[in-house]
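Worksheet: one structure, shown below.
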Amino acid sequence: MRFLTEFRQPALAEALAERIRRWSGPPVSLMEVCGTHTVAIFRHGLRGLLPPQVRLLSGPGCPVCVTPNREIDKAIALASNPGVILATFGDMMKVPGSYSSLAEAKASGADVRVAYSPMEAVEIAQGNPKKAVVFFGVGFETTAPTTAASLLEAKRLGLRNFFFLSAHKLVPPALMALLEAGEVRIDGLICPGHVSTIIGSRPYEFIPRDYAIPCVISGFEPVDILQAIAMLLDMRAEGKAEVAIQYRRAVRPQGNPQALETMAGAFQVGGAEWRGLGPIPQSGLHLRDGMEAFAAERHLEMKIRPPREAVACRCGEVLRGLINPPECSIFGTGCTPEHPVGPCMVSTEGTCAAWFLYKPGG
Amino acid sequence: MCLAVPAKVVSIDGETALVELGGLTRQARTMLVPSVKVGDYVLLHAGFAIQTLDEAAAQETLGLLARMAEAGAGEA
Chain A
1 MRFLTEFRQP ALAEALAERI RRWSGPPVSL MEVCGTHTVA IFRHGLRGLL
51 PPQVRLLSGP GCPVCVTPNR EIDKAIALAS NPGVILATFG DMMKVPGSYS
101 SLAEAKASGA DVRVAYSPME AVEIAQGNPK KAVVFFGVGF ETTAPTTAAS
151 LLEAKRLGLR NFFFLSAHKL VPPALMALLE AGEVRIDGLI CPGHVSTIIG
201 SRPYEFIPRD YAIPCVISGF EPVDILQAIA MLLDMRAEGK AEVAIQYRRA
251 VRPQGNPQAL ETMAGAFQVG GAEWRGLGPI PQSGLHLRDG MEAFAAERHL
301 EMKIRPPREA VACRCGEVLR GLINPPECSI FGTGCTPEHP VGPCMVSTEG
351 TCAAWFLYKP GG
Chain B
363 MCLAVPAKVV SIDGETALVE LGGLTRQART MLVPSVKVGD YVLLHAGFAI
413 QTLDEAAAQE TLGLLARMAE AGAGEA
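Line by line, the protein sequences give chains A and B. All letters in the first sequence, in the order written, are residues 1 to 362 by my numbering. All letters in the second sequence, in the order written, are residues 363 to 438 by my numbering.
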């Protein structure tokens with residue numbers, strides 16, 4: 001298929017892998033920020049092509065994984081109201097909150113529905129005027145414009161039974177928090193391709209400037225990721241730290257101005273809580289002034305108990321790149337994709353799920 | 363979550379397009395890519411086209427890599 005198969009050519013991948021294997025500098029740790037990259041790296045066996053001195057770390061780039069229990073608890077509390085339909089992306093269904101998951105709430109009688117697009121939630125609200133329909137929005141800058149467009153559409157339609165609960169988060173502030181914490185050595189960042197189709201390359205410029213770390217925005221095919229790694233190694237060899245775009249077919253430096261404008265029409269930036277990283281200023285998207293009519297937390301009843309975490313789960317350390325999943329005592333035994341304890345095992349883009357599915361035995 | 367796939371725009375009606383991906387046809391909202399045209403390739407995510415793809419940039423990347431691969435083979 002166009003724009004996919006050309007970037008899977010084995011000859012190009014092998015040439016890039018050979019070039020990477022010639023790396024003669026000191027050991028380097030490169031972090032792939034995005035969960036979709038993590039899965040692609042495992043699915044295509046890219047780690048096995050790299051020399052031991054080029055190490056890949058997985059970062060906090062799975063929106064499902066970084067959603068804290070409290071936000072899931074809120075969604076479940078809203079869904080538990082009679083007369084409420086809660087719609088969300090399928091990825092959120094099995095993620096355990098403090099006391100249950102949305103899938104369990106649905107099994108207990110709550111009306112929870114999976115939506116492929118946030119526009120489906122708007123359509124559910126149109127079709128069910130006597131019900132309150134809540135869309136539980138989760139995702140980074142790739143997804144947030146689609147939710148924003150749906151909210152603006154609900155406003156245009158004058159829907160009074162459509163509400164919104166936000167778990168939307170922004171990537172660059174999380175990278176700043178991770179780098180500022182300095183818990184893990186990062187010699188280069190593979191920046192998320194689809195987040196960058198929206199935000200462009202400029203929001204990452206603080207990384208080379210303030211932390212002297214090179215960044216490459218990468219696509220998701222094997223050739224893309226190997227080229228991004230080669231570009232990072234080239235910059236390290238030359239002592240350069242810049243933001244470069246490998247995924248040029250989809251990413252422009254300015255991003256997608258229309259999508260950014262749509263986001264700004266529905267959301268304003270504020271603080272957010274991240275699983276593993278804690279509270280990060282200016283890292284979340286909340287309804288902007290004038291959009292309060294959609295605030296589920298304001299208009300619907302929501303009884304929540306204090307959040308609690310699974311004691312043995314080490315997802316927080318996995319998300320910060322501090323440990324690999326097999327270092328968690330419950331990985332692959334008490335915590336499996338069938339019976340996940342933490343979100344990194346639930347999400348198809350979670351680091352633990354990728355290790356479990358593609359690297360048996362760790 | 364941030365997975366997006368390339369799809370070809372087959373027809374456009376207002377702010378909705380029919381797009382083709384891997385032999386399947388789907389609807390996509392186009393309000394985030396207002397200048398999209400029939401025949402363009404877009405990235406499809408959560409029912410929305412979120413960016414148009416640049417054919418020239420794709421070919422340039424592939425050309426560069428192919429030349430690098432040939433040069434590598436020459437060295438060996």
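From the three backbone atoms N, C-alpha and C, an ideal C-beta is built for every residue, glycine too.
Original post:
Does the beta carbon of C34(A) sit closer than 8 Å to a beta carbon anywhere in chain B?
Top reply: C34(A) counts as touching chain B.
Original post:
Between which two residues does the alpha helix (DSSP H) harbouring V223(A) extend?
Top reply: For V223(A), the uninterrupted alpha helix (DSSP H) run begins and ends at P222 to E238, by DSSP.
**OP:** Below 8 Å on the Cβ atoms is my guess for T143(A) versus A408(B); work out the distance and round it to an integer in Å.
**Re:** Between A408(B) and T143(A) the Cβ distance is about 6 Å, and since that is below 8 Å, they are a contact.
**OP:** Compare the C-alpha of E32(A) against each of D289(A), V216(A) and T333(A) and name the closest.
**Re:** Here the closest residue by C-alpha is V216(A).
Subject >> Start and end residues, alpha helix (DSSP H) containing A77(A) >> reply: Looking at the DSSP string, the run of the alpha helix (DSSP H) that includes A77(A) is N69 to A79.
Subject >> Contacts around E317(A), its chain only, beta-carbon distance under 6 Å, and the 5 residues preceding and following it disregarded >> reply: Counting only Cβ-Cβ distances below 6 Å, and skipping sequence neighbours, we find I323.
Original post:
Per DSSP, E338(A) is paired with what?
Top reply: Answer by DSSP bridge pairing: none, since E338(A) is not bridged.
Subject >> Residues near S98(A) in its chain [Cβ-Cβ closer than 6 Å; skip 5 each side] >> reply: Within the same chain, Cβ atoms closer than 6 Å to the Cβ of S98(A) are found at N69, D73, P307 and R308, the five residues on either side in sequence being excluded.
**OP:** Name the residue from E349(A), S347(A) and S29(A) whose alpha carbon lies nearest to the alpha carbon of E183(A).
**Re:** Of all alpha-carbon atoms in E349(A), S347(A) and S29(A), the one lying nearest the alpha-carbon of E183(A) is that of S29(A).
Original post:
chain B beta carbons: is any one of them nearer than 8 Å to that of Y211(A)?
Top reply: So no, Y211(A) is outside the interface.
**OP:** Would you tell me roughly how many angstroms separate the C-alpha atoms of Q246(A) and P51(A), rounded to the nearest one?
**Re:** Roughly 21 Å separates the two Cα atoms.
**OP:** Answer with yes or no whether the minimum CB distance from V395(B) to chain A is below 8 Å.
**Re:** Under the Cβ distance rule, V395(B) counts among the residues neighbouring chain A, one pair being separated by less than 8 Å.
Original post:
Can you list the residues of chain B that N256(A) reaches, using a CB-CB cut of under 7 Å?
Top reply: Result: L394, I412 and Q413.
**OP:** Using three-state DSSP, classify L405(B) as helix, strand or coil.
**Re:** Three-state DSSP puts L405(B) in a strand.
Original post:
Since D225(A) and I76(A) are thought to touch, with beta carbons under 8 Å apart, how far apart are those beta carbons, to the nearest angstrom?
Top reply: Going by the sequence as given, residue 225(A) is Ile instead of Asp. Going by Cβ atoms, the distance from I225(A) to I76(A) rounds to 36 Å, so no, they are not a contact pair.
Original post:
Under three-state DSSP, which class holds A433(B)?
Top reply: Helix, per DSSP.
**OP:** State yes or no: is the beta carbon of R429(B) nearer than 8 Å to at least one beta carbon in chain A?
**Re:** For R429(B), the answer is no, since every Cβ of chain A falls outside 8 Å of its Cβ.
Original post:
Where DSSP assigns a beta bridge to I190(A), which residues make up the other side?
Top reply: Answer is E32(A) and V216(A).
Original post:
Is V112(A) near L151(A), with beta carbons less than 8 Å apart?
Top reply: At a Cβ-Cβ threshold of 8 Å, V112(A) and L151(A) do not count as neighbours.
**OP:** Go ahead and pull the three-state DSSP assignment for K303(A).
**Re:** K303(A) falls in the coil class under three-state DSSP.
Subject >> Which of helix, strand or coil DSSP assigns to D111(A) >> reply: The answer is strand: DSSP assigns D111(A) an E or B state.
Original post:
From the beta carbon of D234(A), is the nearest beta carbon of chain B less than 8 Å away?
Top reply: Taking Cβ atoms only, chain B never reaches closer than 8 Å to D234(A), which makes this a no.
Original post:
Can you list the residues of chain B that T262(A) reaches, using a CB-CB cut of under 8 Å?
Top reply: Those within 8 Å of T262(A) in chain B are M393 and L394.
**OP:** Let me know the secondary structure DSSP gives K106(A) once reduced to three states.
**Re:** Helix.
Subject >> Neighbour list for L424(B) in chain A, Cβ cutoff strictly below 7 Å >> reply: Here the neighbours are E6.
Original post:
How many angstroms separate the CA atom of P118(A) from the CA atom of V54(A)?
Top reply: So the alpha carbons of these two residues sit roughly 40 Å apart.
Subject >> Opposing strand residues paired with D289(A) [DSSP bridges] >> reply: Listed as beta-bridge partners of D289(A) by DSSP are no residues whatsoever.
**OP:** May I ask you to report which of helix, strand or coil DSSP gives R156(A)?
**Re:** Here R156(A) carries a helix assignment [DSSP, helix/strand/coil].
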